[in-house]
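Take this note's numbering: the last position of the sequence shown gets the number 101, and nothing is skipped along the way.
Report on one structure; see the data block that follows.
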Amino acid sequence: MSLEDEKLLEKYLREELRVVNKSLPVRRKSLKELLKEEYPYVLTRDGGIHMFRRSELRYAYELLGDELAAKLYLPIILEVRTEFS
């Protein structure tokens with residue numbers, strides 16, 4: 017593969033990653049922090065908003081308690097790593 021081909025492939029992959037990751041949050045928030053908000057949400061990288069259901073947040077808080085609610089950051093992001101497949 018030529019240097020020019022490698023640069024083109026790298027540019028293509030960078031753009032694909034940007035598209036795939038556009039719905040990821042800019043910043044995750046703790047469960048405790050989200051429960052303090054009137055409308056719990058996080059901003060996404062593409063400028064969108066990801067809303068949380070207050071009832072689900074309350075249920076998670078009941079299961080976890082105050083200490084763990086401060087440590088659980090949402091949304092939970094799963095990463096797939098192909099080198100372990």
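We treat Cβ as the ideally placed atom computed from N, Cα and C, and that holds for glycine.
Predicted, not measured: the structure shown is a model, and the values here were computed from it.
Item to check | Under the three-state DSSP convention, the category VAL35 falls into | outcome: helix
Next on the checklist: Out of MET67, GLU78, ASN37, which one is the CA nearest neighbour of LEU50?
Outcome noted: MET67
Next on the checklist: Alpha carbons only, please: which of VAL35, ARG34, LEU25, LEU40 is nearest the one belonging to LEU165?
Outcome noted: Since the first and last residues shown for the chain are 17 and 101, residue 165 lies out of range.
Checklist entry - When burial is assigned at 16 or more other CB atoms within 10 Å of the CB, is LEU90 buried or exposed? => result buried
Checklist entry - Per the contact definition of three or more C-beta pairs closer than 8 Å, is the segment 60-79 in contact with the segment 29-49? => result Touching, yes, given that three or more Cβ pairs across the two stretches are closer than 8 Å.
Next on the checklist: Within a Cβ cutoff of 8 Å, which residues of the same chain sit near LEU25, ignoring the five residues on either side of it in sequence?
Outcome noted: Within the same chain, LEU25 has close Cβ partners MET17.
Checklist entry - Based on the DSSP output, what are the partners of THR60 in its beta bridges? => result PRO41
Checklist entry - If you compare alpha carbons, which of GLU20, ARG97, THR98, LYS87 is closest to ARG44? => result LYS87
Item to check | DSSP state of LEU90 mapped onto helix, strand, coil | outcome: DSSP, read as helix, strand or coil, puts LEU90 in strand.
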